[in-house]
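Novice:
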Amino acid sequence: MEELSRTTGSELRVVVVGGGVVGVCCAYFLALRGATVTVLERDELGLAASFGNAGLISPGHPPINRPGRLRQALRSMGDRLSPLYIEPRWNPGLVRWLWAFRKYCTADHVEHSMAALSPLGLRTADLLDELVQGEGLECGYRRSGYLEVFDTEAGLEWGREEVEVVERHGFAPEYLSGPALREREPLFGPGLEGGWFHQEGTVVEPYRFVLEIADRAVARGAVIRPGTEVDEIRSEHGSVTGVSTASGEDVAADAVVLATGAYSPGLMASLGCPLPVQPAKGYHADRSLADPDTPALSVPSLLGERAVFCSPMDDHVRFAGTLEFSGRNLDMRRDRLEQLDAAARRYYAVTDLPEPISEWCGLRPCTPDGLPVIGRVPGYEGAYVTTGHAMLGLTLGPVTGSLVADLVLRGAPELDIQAFRPERFAGT
Ligand SMILES: Cc1cc2nc3c(=O)[nH]c(=O)nc-3n(C[C@H](O)[C@H](O)[C@H](O)COP(=O)(O)OP(=O)(O)OC[C@H]3O[C@@H](n4cnc5c(N)ncnc54)[C@H](O)[C@@H]3O)c2cc1C
Numbered sequence: 006m007e008e009l010s011r012t013t014g015s016e017l018r019v020v021v022v023g024g025g026v027v028g029v030c031c032a033y034f035l036a037l038r039g040a041t042v043t044v045l046e047r048d049e050l051g052l053a054a055s056f057g058n059a060g061l062i063s064p065g066h067p068p069i070n071r072p073g074r075l076r077q078a079l080r081s082m083g084d085r086l087s088p089l090y091i092e093p094r095w096n097p098g099l100v101r102w103l104w105a106f107r108k109y110c111t112a113d114h115v116e117h118s119m120a121a122l123s124p125l126g127l128r129t130a131d132l133l134d135e136l137v138q139g140e141g142l143e144c145g146y147r148r149s150g151y152l153e154v155f156d157t158e159a160g161l162e163w164g165r166e167e168v169e170v171v172e173r174h175g176f177a178p179e180y181l182s183g184p185a186l187r188e189r190e191p192l193f194g195p196g197l198e199g200g201w202f203h204q205e206g207t208v209v210e211p212y213r214f215v216l217e218i219a220d221r222a223v224a225r226g227a228v229i230r231p232g233t234e235v236d237e238i239r240s241e242h243g244s245v246t247g248v249s250t251a252s253g254e255d256v257a258a259d260a261v262v263l264a265t266g267a268y269s270p271g272l273m274a275s276l277g278c279p280l281p282v283q284p285a286k287g288y289h290a291d292r293s294l295a296d297p298d299t300p301a302l303s304v305p306s307l308l309g310e311r312a313v314f315c316s317p318m319d320d321h322v323r324f325a326g327t328l329e330f331s332g333r334n335l336d337m338r339r340d341r342l343e344q345l346d347a348a349a350r351r352y353y354a355v356t357d358l359p360e361p362i363s364e365w366c367g368l369r370p371c372t373p374d375g376l377p378v379i380g381r382v383p384g385y386e387g388a389y390v391t392t393g394h395a396m397l398g399l400t401l402g403p404v405t406g407s408l409v410a411d412l413v414l415r416g417a418p419e420l421d422i423q424a425f426r427p428e429r430f431a432g433t
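This is the structure:
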């Protein structure tokens, strides 16, 4: 805990806007290090993207940007069942985002991203361990590692290219043939080509994690106010003075941290720093382990070609995944949700799956370069933003919280966050 706290004695009043995993991690580390913290969440804590994700902490996972990805994405426009799906519609913001995304789908950018992300990934894994043990978090934490499997040669080759990159950045996935994979997970069917074991991966139940971290932030003096929507960041002479809420209340603060996930563009535009964050929808379907037809998986696994993650949790199994660019809405598309079951049937030796106990969708906040945003909002003393964690928000939540607390309270974080500065998209 000593390492986590690095108390500054500051009594800075900090408002964190947004109570997803990123917001509550910021609140926790800020409160732990001496700030007077208030979290303003327009809904209930943790019910947006952080609620139903796959629960995987995957420190070495690269972003989706890579050579060939845009072509793959554009091809998906005609295929509603594609794992990565862009709904054909006229949306100038999405068109601009895709245009920028194209620029970042190069081998050089993949190297740059991994060089920037891997120190965060390695730090977050340690922080999570310290948090779970030091704070006694009850969040279904499992240090199980995870498998990434492919059942086609082309898929395996695509996976191999990614593995070669992550190996250059401090990670060492272990290659396993089809039969070796079945030894690790006897429920796999016979058709696997091969895959990798990522030993650094861990799993938590994401909603429980959010509630537990929030609880520990409150124990350190943070105040959490659900049902409080922020509609303006207030400032005087370029310095933040607080926020105004949708109900007309002014909340005074010396610093404001925006952690509003896929909903960040509006408030950021009002600060003169537009962020090209697009929502990428994903789904989950949970099956109860009390039902004998639910496959009792031994190891969490990513079903490579279909981008579906299967996580064994305490009393259920979660199938989660797919990426859908179809706007900032929570419309559940049954045909896409069914892709989760189709993937389970394709890779596991299962035929009957029981009725789900939960079906859900949420919006990942995605930047065109695949990297999160962590930094000061230019032009305002005391304004900070962190969003854009895409598929890695749970993974990077702890390290983001720690970095933001450093930035707000000491002016300098322990790791280099240049690559994540919000103004990098100026002109995009
Ligand atoms: C299917 C799926 C699977 C995933 N699997 C994984 C995984 O295994 N591992 C992983 O690391 N990541 C995973 N992710 C990604 C991860 O869930 C997200 O990156 C993460 O939840 C983003 O957290 P956040 O706190 O930024 O946003 P959110 O959880 O969306 O929280 C933002 C909060 O801000 C609030 N808010 C917005 N505007 C305002 C306002 N004006 N005033 C007050 N409050 C406001 C919202 O109500 C919301 O609660 C997955 C995502 C999906 C969809």
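Its first residue numbered 6, the sequence shown is counted upward by one per residue in my numbering.
Ideal placement from N, C-alpha and C gives every residue a C-beta, glycine not left out.
The model shown is predicted, which means the values in this text are computed figures rather than measured ones.
So is N58 buried or exposed if we call it buried at 16+ other beta carbons inside 10 Å?
Specialist: It is buried - the Cβ of N58 has at least 16 other Cβ atoms within 10 Å.
Novice: Express the C-alpha separation of L302 and L294 in angstroms, rounding to a whole number.
Specialist: Answer to the nearest angstrom: the Cα atoms are 10 Å apart.
Novice: For ligand 1, is there a heavy atom less than 8 Å away from the beta-carbon of H321?
Specialist: Answer for H321: no, Cβ out of range of ligand 1.
Novice: Starting from P370, trace the beta strand (DSSP E) both ways and give me its first and last residue.
Specialist: From DSSP, the beta strand (DSSP E) with P370 extends over 363-371.
Novice: How big is the Cα-Cα spacing for P418 and V409?
Specialist: Cα-Cα distance, rounded: 7 Å.
Novice: According to the Cβ coordinates, are V390 and M273 closer than 9 Å?
Specialist: Contact flag set, yes.
Novice: Please classify S81: does DSSP put it in a helix, a strand, or coil?
Specialist: Three-state result, S81: helix.
Novice: Rounded to whole angstroms, what's the CA-CA distance from G3 to W365? Just pull it up for me.
Specialist: No statement about residue 3 is possible, as the shown extent of the chain runs from 6 to 433 and does not include it.
Novice: So, at 6 Å on beta carbons, what are the nonlocal neighbours of Q204 in its own chain, with the 5 sequence-adjacent residues on each side left out?
Specialist: G150, listed in sequence order.
Novice: Just checking my contact of S316 with L61 at CB under 8 Å: how many whole Å lie between their CB atoms?
Specialist: About 6 Å separates the two Cβ atoms, so the contact holds.
Novice: Restricting to runs no shorter than 3 residues, where is the beta strand (DSSP E) found entirely within the region 163-236?
Specialist: Taking only runs of at least 3 residues, the beta strand (DSSP E) segments lying wholly in the region 163-236 are 179-182, 199-203, 228-230.
Novice: What are the residues that DSSP puts in a beta bridge with Y90?
Specialist: E329, per the DSSP bridge assignment.
Novice: Using only the heavy atoms of ligand 1, determine whether one of them is closer than 8 Å to the beta carbon of T392.
Specialist: Checking every heavy atom of ligand 1 against the Cβ of T392, one is found closer than 8 Å.
Novice: Helix, strand or coil for R292 per DSSP?
Specialist: In this structure, R292 counts as strand in the three-state DSSP scheme.
Novice: Flag M337 as yes when its Cβ comes closer than 8 Å to any non-hydrogen atom of ligand 1, and as no otherwise.
Specialist: Result no, Cβ not under 8 Å from ligand 1.
Novice: Can you check whether the CB of A312 is closer than 9 Å to the CB of D346?
Specialist: Not in contact: D346 and A312 (Cβ atoms no closer than 9 Å).
Novice: Taking 8 Å as the cut-off, is the C-beta of V100 nearer than that to any heavy atom in ligand 1?
Specialist: False, no ligand heavy atom lies under 8 Å from that Cβ.
Novice: Would you mind sorting E7 into buried or exposed? The rule is 16 or more other CB atoms within 10 Å of its CB.
Specialist: Confidence at E7 is low in this model, with a pLDDT of 45, below 50, so its placement is unreliable and no value can be given for it.
Novice: Using the C-alpha atoms, what's the distance from Q77 back to S87?
Specialist: If I take the Cα positions, the gap works out to 10 Å.
Novice: Could you check which residue in G384, D48, E92 has the C-alpha nearest to that of V245?
Specialist: Cα-wise, what sits closest to V245 is G384.
Novice: Count Cβ pairs between the region 370-388 and the region 250-269 that sit closer than 8 Å; are there 3 or more?
Specialist: Contact holds: three or more Cβ-Cβ distances are below 8 Å.
Novice: What does the alpha-carbon distance come out to for the pair L50 and G28?
Specialist: L50 and G28: Cα-Cα distance of roughly 10 Å.
Novice: Is R47 helix, strand or coil by DSSP?
Specialist: R47: coil per DSSP, three-state reduction.
Novice: Between the alpha carbons of L142 and A159, how many angstroms are there, rounded?
Specialist: Each residue's alpha carbon lies about 41 Å from the other.
Novice: Sorry if obvious, but does the Cβ on A229 come closer than 8 Å to a heavy atom of ligand 1?
Specialist: Before going on, a small fix: residue 229 reads as Ile here, not Ala. Answer for I229: no, Cβ out of range of ligand 1.
Novice: Can you give me the start and stop residues for the alpha helix (DSSP H) that G402 sits inside?
Specialist: Where G402 is concerned, the enclosing alpha helix (DSSP H) stretches over 398-415.
Novice: Which residues mark the beginning and the end of the beta strand (DSSP E) in which R18 is found?
Specialist: Element bounds for R18: 18-22.
Novice: Which residue wins for smallest C-alpha separation from V171, given the options H117, L132, V137, L197?
Specialist: The option with the nearest alpha carbon to V171 is H117.
Novice: Should N58 be listed as close to ligand 1, given that the test is whether its C-beta is under 8 Å from any heavy atom?
Specialist: N58: yes, Cβ under 8 Å from ligand 1.
Novice: Sorted by chain position, which residues of the same chain lie with C-beta nearer than 7 Å to Q423's C-beta, five sequence neighbours on each side aside?
Specialist: Here the set comprises nothing.
Novice: Quick one: residues in its chain with C-beta nearer than 7 Å to the C-beta of G175, no 5 flanking neighbours on either side, listed in chain order?
Specialist: Answer for G175: S123, L127, listed in chain order.
Novice: Report yes if the C-beta distance between Y451 and R341 is below 9 Å; otherwise report no.
Specialist: Given a span of 6 to 433 for the chain in the structure shown, any question on residue 451 remains unanswerable.
Novice: With a CB to CB cut of under 7 Å and the five nearest residues on each side skipped, what residues in its chain are close to G14?
Specialist: Unreliable placement is indicated for G14, whose pLDDT of 48 sits below 50; no coordinate value is reported for it.
Novice: So, helix, strand or coil for H117, using DSSP?
Specialist: Helix at H117.
Novice: When DSSP labels each residue in this structure, what does P284 get in the three-state scheme?
Specialist: Residue state, collapsed to three classes: strand.
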